[in-house]
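> Chains A and B, in that order, give the protein sequences.
Take 1 as the starting number for the first sequence in the UniProt record's numbering and just add one per residue.
Take 1 as the starting number for the second sequence in the UniProt record's numbering and just add one per residue.
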Amino acid sequence: MILRWILYYHQKEILRGLIEYPYVTGTSIIGIKYKDGILMAADMGGSYGSTIRYKSVERLKQVGKHSLIGASGEISDFQEILKYLDELILHDNMWDDGNSLGPKEVHNYLTRVMYNRRNKFDPLWNSLVIGGVKNGQKYLGSVSMIGVHYEDDHLATGFGNHLARPILREEWREDLSFEEGVKLLEKCMRNLLYRDRSAVNKLQIAKITEEGLTVSQPYSLKTFWNFAAFQNPTVGATGSW
Amino acid sequence: MFRNQYDTDVTTWSPVGRLFQVEYAMEAVKQGSAAIGLRSKTHVVLACVNKANSELSSHQRKIFKVDDHIGVAIAGLTAVGEFRFSGRSERRSIPITLKYLTTADGRVLSRYMRSECINYGYTYESPLPVGRLVYQLADKAQVCTQRSWKRPYGVGLLVAGLDESGAHLYNNCPSGNYFEYQAFAIGSRSQAAKTYLERKFEKFTESSRDDLVKDALFAIRETLQGEKLTSSVCTIAVVGVGEAFNILDQETVQALINEFEISGEEAPINESVAEQSVGDDQRSAAAEEAAPMDI
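Below you can see the structure in the form of structure tokens.
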């Protein structure tokens, strides 16, 4: 009798999060610091499992005056995060007092949100990259769905960690110009395009500096498929059948 | 202020539009021992007079660190001795028990401020902007002026802090009002300090940290009305760019007091005329070292 009562009142909490899968997902985000600020790249794909269902999903968004957020993972959860951020920035602006939340504050706020949800077994299924410039200070940070957070000069989510970060570790420099930064990001995105099955060839690059944010128009990368390895892909693979 | 039929509770207006209970609470602040604050572009200094209840008891703590970048000085009715004042014939309507409650008010408000700073720092990894803290503090005080089952806080606060928009000094009243100041004083005989600060405040923005501390000591001396200024009756605290809020220890304060007591009676800024009039060689030599010349 009591058990039934508990179940009735706490059904939501008991069942909450035990069954949770992402449905529509975005793939990697790559972010780098460059001379004047932060550059971030993301493709515009929204996959529904193995189907590339949506091809115009904007995964890079502005947050307040100083920050840029990129998300991979469940798109609907990203939309909810954007709602939280919208309210956060609104209240910050309403103070109207010359103070404003910068990328560091936004990053930490999101860390608290993500970790809190993880503790309730009801995560927001995203990996986020937050970047920005405030008072001359560049900031680039990452938060995962379980609340793991860190900062670095270059970051990536998902497959980007395996396919893009090695390139960045070799080729990233403190004083990259805008053009060099974009070229570096494109190199990484091309690599992801070849190797990540959920990548689509339609990407945006966002730049945030002290002056402000600009997100590029969507464009495609040129790809080359005449590599010898692609001609005869299985030639090096040994197997018994 | 005479006792009247409109001062029983805080939610009753008088016919001329006054809330007497709120005004009585502000009186409590005026009875407390003095607290002063002054700021430059990069530093804020708080100073207060510490009066002990009796020789046997320790001095009241009036300055509290709220966070690395914010500190507060509190003034309110705290000591029995303060209750007697000369030259006034009206009876005060402040109940006797209030004077024991107001340091508790100060403690509670400090705890609230610390809590807010900690929560903000935890969420945002960033220091709480001072203006936002005093705003919340003021809202808290206002609530007590509009509930029949509450009473206003009996302390005034001088909040000193630093944030990205610069150095700030605020005064929070029991009424729920708050104002920002370049320099201010509250508590008993604060008018003497205010007069001194009014003469000097224009220079404060560009003052160095040490000059600011010296001016704070001079202002405190004004409130003592001839009593000897020693480090046992006053407390000084500083917060600034690159300097977390800290209360100076007694030796440091005494050394500073000795420095300007030896070099002459007058304050260092703008008083080079008075220093030169002192005939003693040693003194004027010390004056040139100790006092920054107005070049």
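Even glycine gets a Cβ: it sits at the ideal position worked out from N, Cα and C.
What you are looking at is a predicted structure, and each value in this text was computed from that prediction instead of being measured.
1) Could you tell me whether the stretch 104-114 of chain A touches the stretch 144-154 of chain A, where touching means 3 or more Cβ pairs closer than 8 Å?
2) In terms of residue numbering, what span does the beta strand (DSSP E) encompassing A/Met-40 cover?
3) From what residue to what residue does the alpha helix (DSSP H) around B/Leu-137 run?
4) Looking at residue 266 of chain A: is its Cβ nearer than 8 Å to the Cβ of A/Gly-37?
5) Using the C-alpha atoms, what's the distance from A/Glu-211 back to A/Glu-151?
6) I'd like to know if A/Asp-97 contacts chain B, where contact means its C-beta is closer than 8 Å to some C-beta of that chain.
7) How about A/Ser-198 and A/Gly-102: do their beta carbons lie closer than 8 Å?
8) As a quick exercise: from B/Lys-228, B/Tyr-196, B/Gln-225 and B/Ser-232, pick the residue whose alpha carbon is nearest that of B/Cys-216.
9) Kindly list, in the order they appear in chain B, the residues whose Cβ is closer than 8 Å to that of A/Arg-112.
10) Closer than 8 Å is the cut-off here; do at least three beta carbon pairs connect the stretch 158-174 of chain B with the stretch 30-44 of chain B?
11) Name the chain B residues whose beta carbon is nearer than 9 Å to that of A/Leu-101?
12) Could you tell me the distance, in whole angstroms, from the CA atom of B/Phe-64 to the CA atom of B/Val-72?
13) Consider the Cβ of A/Glu-210: report whether some Cβ of chain B lies at a distance smaller than 8 Å.
14) For the ligand GDP, I want to know if B/Ala-216 counts as a neighbour, meaning its beta carbon is within less than 7 Å of at least one of the ligand's heavy atoms.
15) Comparing the C-beta of A/Asn-119 with each C-beta of chain B, is any distance below 8 Å?
16) Interface residues of chain B around A/Asn-108 at Cβ under 7 Å?
17) Drop a sphere of 10 angstroms on the beta-carbon of A/Arg-59, count the other beta-carbons inside from all chains shown, and report buried for 16 or more, exposed for fewer.
18) Given that B/Asp-163 touches chain A, what residues does it touch there, using C-beta distances under 8 Å?
19) Within 10 angstroms of its Cβ, does A/Glu-87 collect 16 or more other Cβ (buried), or is it exposed?
20) Cβ of A/Glu-105 less than 8 Å from any chain B Cβ?
21) In the DSSP output, what is B/Cys-48 paired with across the bridge?
22) Determine whether the Cβ of A/Asn-135 lies closer than 8 Å to any Cβ atom of chain B.
23) Count the other CB atoms, across all protein chains shown, that sit within 10 Å of the CB of A/Trp-125; report buried if there are 16 or more and exposed otherwise.
24) Just checking my contact of A/Leu-68 with A/Ile-208 at CB under 8 Å: how many whole Å lie between their CB atoms?
25) Nearest to B/Ala-28 by alpha carbon, out of B/Gln-250, B/Val-253, B/Trp-13 and B/Arg-151?
26) Check whether the Cβ of B/Gly-131 lies closer than 8 Å to any Cβ atom in chain A.
27) Less than 8 Å separating the beta-carbons of B/Glu-222 and B/Ala-183?
28) I need the DSSP call for A/Ser-28, collapsed to helix, strand or coil.
29) Using a Cβ-Cβ cutoff of less than 6 Å, which residues in the same chain neighbour B/Val-253 once the five nearest sequence positions on both sides are dropped?
30) Which residues mark the beginning and the end of the beta strand (DSSP E) in which B/Val-66 is found?
31) Tell me the residue span of the beta strand (DSSP E) that contains A/Leu-203.
32) From this set, A/Leu-221, A/Lys-222, A/Leu-203 and A/Thr-223, which residue's C-alpha is nearest residue 244 of chain A's C-alpha?
33) So what does DSSP say about A/His-66, is it helix, strand or coil?
34) Would you mind stating whether A/Gly-160 and A/Tyr-34 have Cβ atoms separated by less than 8 Å?
35) Tell me where the beta strand (DSSP E) around A/Tyr-109 begins and ends.
Taking the coordinates as given:
1) yes
2) 37-43
3) 130-143
4) Nothing can be reported for residue 266 of chain A: it is not among the residues displayed for chain A, which extend from 1 to 241.
5) 22 Å
6) yes
7) no
8) In the sequence on display, residue 216 of chain B carries Ala and not Cys. Of the candidates B/Lys-228, B/Tyr-196, B/Gln-225 and B/Ser-232, the one whose C-alpha sits nearest the C-alpha of B/Ala-216 is B/Tyr-196.
9) Tyr-122 and Thr-123
10) yes
11) Tyr-124 and Ser-126
12) 5 Å
13) no
14) Among the ligands in the structure shown, none appear at all, so the ligand GDP cannot be discussed.
15) no
16) Thr-123, Tyr-124 and Glu-125
17) buried
18) Asn-99
19) exposed
20) yes
21) B/Ala-35 and B/Thr-235
22) yes
23) buried
24) 5 Å
25) B/Arg-151
26) yes
27) no
28) coil
29) Ser-231 and Ile-236
30) 63-67
31) 203-209
32) Shown here, chain A extends from 1 to 241; a query on residue 244 of chain A therefore has no answer.
33) coil
34) no
35) Counting along the chain, A/Tyr-109 falls outside any beta strand (DSSP E), though it belongs to the alpha helix (DSSP H) covering 103-119.
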